[in-house]
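Engineer: Sending over a structure as structure tokens; questions will come in a sec.
2 protein chains.
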Amino acid sequence: MPDLTSIPKGKILQRTGERYTKVYRVKKGLLRSYIIDAKGKEHIFMFAPEGWIIADSHPPDTACDLFIDALEDTEVLILEKDLQSPNLNTAALLRRIAVLQERVLMLMSTPALERYQHFTATYPNLLQRVPQRMVASYLGITPEALSKLKSEWHRKR
Amino acid sequence: MPDLTSIPKGKILQRTGERYTKVYRVKKGLLRSYIIDAKGKEHIFMFAPEGWIIADSHPPDTACDLFIDALEDTEVLILEKDLQSPNLNTAALLRRIAVLQERVLMLMSTPALERYQHFTATYPNLLQRVPQRMVASYLGITPEALSKLKSEWHRKR
DNA sequence: CCAAATCCTTAATCTAGATTAATGCTATTC
DNA sequence: GAATAGCATTAATCTAGATTAAGGATTTGG
Chain A
5 MPDLTSIPKG
15 KILQRTGERY
25 TKVYRVKKGL
35 LRSYIIDAKG
45 KEHIFMFAPE
55 GWIIADSHPP
65 DTACDLFIDA
75 LEDTEVLILE
85 KDLQSPNLNT
95 AALLRRIAVL
105 QERVLMLMST
115 PALERYQHFT
125 ATYPNLLQRV
135 PQRMVASYLG
145 ITPEALSKLK
155 SEWHRKR
Chain B
5 MPDLTSIPKG
15 KILQRTGERY
25 TKVYRVKKGL
35 LRSYIIDAKG
45 KEHIFMFAPE
55 GWIIADSHPP
65 DTACDLFIDA
75 LEDTEVLILE
85 KDLQSPNLNT
95 AALLRRIAVL
105 QERVLMLMST
115 PALERYQHFT
125 ATYPNLLQRV
135 PQRMVASYLG
145 ITPEALSKLK
155 SEWHRKR
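Residue numbers (the numbering used here), protein chains in the order written: chain A, 5 to 161; chain B, 5 to 161.
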């Protein structure tokens with residue numbers, strides 16, 4: 005049984021291009037994964053609060069795509085990527101696939117305001133813990149666009 | 005061992021809102037999955053040529069999101085969604101997750117022309133079998149936009 | 001073989017969201 | 001408690017891609 009590791013806020017656990025990546029099970033705090041694109045812009049792939057696992061999923065024998073860092077002081081279990089591991093049970097993987105499928109479909113078919121409303125409904129507690137600009141990044145828009153979206157929405161009611 | 009089933013081109017195997025969905029393993033031919041959005045527009049989630057499996061991944065006890073139909077006369081194995089099944093082995097699920105992760109990151113951070121080039125490089129054979137407008141739908145743009153993209157690209161070389 | 005779909009392309013216009021820039025607000029640090 | 005840095009907001013401008021519309025090409029079906 006691996007030990008809990010304490011990660012201070014701001015610490016980067018893994019970087020794009022690294023080879024031997026881990027799986028992190030968050031016990032307390034908040035991690036996130038993201039990429040930095042060709043123009044130097046951050047795009048947040050996911051948030052991992054208490055109870056979630058987070059990792060880079062890339063084909064075997066390739067470098068990883070994602071940065072992972074801590075948005076709060078965090079305690080994690082650091083696990084090996086092991087095909088046999090009970091940490092990677094089938095039901096959990098299917099759940100992850102369902103979330104990703106929904107994410108792809110939303111990005112393709114749903115306007116930004118609705119994606120924001122879906123996010124707030126699905127992860128209400130994260131809104132209190134994550135700066136708006138990171139929510140925008142997760143939604144695939146700029147902070148300015150999110151700000152405008154919200155004010156237009158408030159005006160209409 | 006389940007039998008091969010023949011699916012004629014155009015046949016719809018499953019519709020949004022249905023409950024008991026299957027997993028399809030394609031032996032020959034081509035299936036696709038897609039949604040129809042609020043405005044009645046199709047958005048293709050994935051193509052499944054020979055050797056691929058295709059299914060709707062939705063949380064247990066919820067209705068499914070995707071349509072699945074046949075783009076060519078197709079032969080498939082129709083499988084139950086069974087957590088114990090060797091059809092759902094861990095490695096295959098991880099591969100699917102890696103593909104979806106890449107798809108999300110591309111949709112968020114990569115312009116349409118590069119997504120098209122990535123598609124053509126990754127699935128060159130599909131280009132010959134799928135109408136352009138469906139490639140556009142998979143990429144998250146309109147057929148008109150893809151047409152313009154291609155002509156601009158050709159002009160620049 | 002002809003008619004009717006289906007598909008691709010081009011062009012004009014429109015729009016959601018990006019970019020750039022400036023201002024004020026809150027936190028944190030020294 | 002001033003100074004600095006990070007964050008949110010607003011506004012002006014710009015652009016990738018959507019929408020609408022039309023024409024021509026190619027495929028399909030009877």
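Quick reminder that beta carbons are idealized off the backbone N, C-alpha and C, glycines included.
#1: Can you give me the Cβ contacts of residue 144(A) inside the same chain, cut-off strictly under 7 Å, excluding the 5 residues immediately before and after it?
#2: Note down, in chain order, all residues in the stretch 102 to 128 of chain A with a beta-carbon under 8 Å from any beta-carbon belonging to chain B.
#3: In whole angstroms, give me the CA-to-CA distance for residue 157(A) and residue 117(A).
#4: Kindly provide the ranges of any beta strand (DSSP E) runs that are 3 or more residues long and lie completely inside the stretch 55 to 101 of chain A, ordered along the chain.
#5: Cβ atoms of residue 99(A) and residue 67(A): under 8 Å apart, would you say?
#6: Of all the residues that make up the stretch 58 to 80 of chain A, which are near chain B by a beta-carbon distance shorter than 7 Å?
#7: Figure out for me which residue from 80(B), 16(B), 139(B) and 115(B) has the closest Cα to the Cα of residue 51(B).
#8: Can you find a C-beta in chain B that's less than 8 Å from the C-beta of residue 158(A)?
#9: Would residue 97(B) pass as a contact of residue 94(A) if the rule is Cβ separation under 8 Å?
#10: Alpha carbon to alpha carbon, how far is residue 129(B) from residue 153(B)? Give it in angstroms, no decimals.
#11: Have a look at residue 49(B) and residue 142(B) and give me their C-alpha separation to the nearest angstrom.
#12: Tell me, please, whether the CB atom of residue 51(B) is closer than 8 Å to any CB atom in chain A?
#13: Identify, in the order they occur along the chain, each residue of the same chain with its Cβ nearer than 6 Å to the Cβ of residue 25(B), setting aside the five sequence neighbours on each side.
#14: Under a CB-based cut-off of 8 Å, is residue 100(A) close to chain B?
#15: Put residue 126(A) into one of helix, strand or coil per three-state DSSP.
#16: Does the separation of the CB atoms of residue 28(B) and residue 82(B) fall below 8 Å?
#17: Counting only C-beta atoms, is residue 150(B) closer than 8 Å to chain A at any point?
#18: Output yes if chain B places a C-beta closer than 8 Å to the C-beta of residue 94(A); else output no.
#19: Note down, in chain order, every chain A residue with its Cβ under 8 Å from the Cβ of residue 21(B).
#20: Is the beta carbon of residue 1(A) sitting closer than 8 Å to the one on residue 71(A)?
#21: Using DSSP's beta-bridge definition, name the partner residues of residue 140(B).
#22: Who are the neighbours of residue 97(A) on chain B, taking C-beta pairs under 8 Å?
#23: Given residue 13(B), which residues of its chain have a CB within under 6 Å of its CB, disregarding the five upstream and five downstream residues?
#24: If we call anything under 8 Å between Cβ atoms a contact, is residue 101(B) one with residue 101(A)?
#25: Looking at the secondary structure, which residues open and close the alpha helix (DSSP H) in which residue 53(B) lies?
#26: With which residues is residue 35(B) paired in a DSSP beta bridge?
#27: Which word fits residue 105(B), buried or exposed, when buried means at least 16 other C-beta atoms lie within 10 angstroms of its C-beta?
#28: Can you look up residue 134(B) in the DSSP assignment and give me helix, strand or coil?
#29: Is the Cβ-Cβ distance between residue 137(B) and residue 147(B) less than 8 Å?
#30: Counting along the chain, where does the beta strand (DSSP E) carrying residue 176(A) start and finish?
Structural biologist: Working from what's here:
#1: For residue 144(A), where only same-chain residues beyond five positions count, the Cβ hits under 7 Å are 111.
#2: For the stretch 102 to 128 of chain A, the set of residues with a beta-carbon nearer than 8 Å to any beta-carbon of chain B comprises 102, 104, 105, 106, 107, 108, 109, 111, 112, 113 and 114, in chain order.
#3: In this structure, the straight-line span from the alpha carbon of residue 157(A) to that of residue 117(A) is close to 8 Å.
#4: Counting only runs of 3 or more, we get 57 to 59, 71 to 74 and 78 to 83.
#5: No.
#6: Of all residues in the stretch 58 to 80 of chain A, the ones placed with a Cβ closer than 7 Å to any Cβ belonging to chain B are 61, 62, 63 and 69, in chain order.
#7: Relative to the Cα of residue 51(B), the nearest Cα in the group 80(B), 16(B), 139(B) and 115(B) belongs to 139(B).
#8: No, its Cβ sits nowhere closer than 8 Å to a Cβ of chain B.
#9: Their beta carbons are under 8 Å apart, which means residue 97(B) touches residue 94(A) by this criterion.
#10: Residue 153(B) and residue 129(B) have their C-alpha atoms roughly 20 Å apart.
#11: Cα to Cα, residue 49(B) sits roughly 6 Å from residue 142(B).
#12: Interface annotation, residue 51(B): not in contact with chain A, CB-CB separation never under 8 Å.
#13: Only 18, 60 and 68 meet the Cβ criterion.
#14: Judged by the 8 Å Cβ criterion, residue 100(A) is in contact with chain B.
#15: The answer is helix: DSSP assigns residue 126(A) an H, G or I state.
#16: In this structure, residue 28(B) places its C-beta atom within 8 Å of the C-beta atom of residue 82(B).
#17: Not one chain A Cβ lies under 8 Å of residue 150(B).
#18: Yes, contact with chain B.
#19: Those do not exist, as residue 21(B) stays about 14 Å from chain A at its closest Cβ, beyond 8 Å.
#20: In the structure displayed, chain A extends from 5 to 161; residue 1(A) sits before or after that span and is not available.
#21: Bridge partners of residue 140(B): none, in fact.
#22: For a Cβ distance threshold of 8 Å, residue set 94, 97, 98 and 101 of chain B lies close to residue 97(A), ordered along the chain.
#23: The answer, listed in chain order, is 74, 76 and 77.
#24: Result yes, Cβ atoms of residue 101(B) and residue 101(A) sit closer than 8 Å.
#25: Careful: residue 53(B) lies outside any alpha helix (DSSP H), inside the beta strand (DSSP E) at 46 to 53.
#26: Note: residue 35(B) sits in a beta bridge opposite 52(B) and 74(B).
#27: Residue 105(B) counts as buried, since no fewer than 16 other beta carbons sit within 10 angstroms of its beta carbon.
#28: In the three-state reduction of the DSSP assignment, residue 134(B) falls in the coil class.
#29: One thing to note: residue 137(B) has its Cβ within 8 Å of the Cβ of residue 147(B).
#30: Outside the shown range of chain A, which is 5 to 161, sits residue 176(A), and nothing can be said about it.
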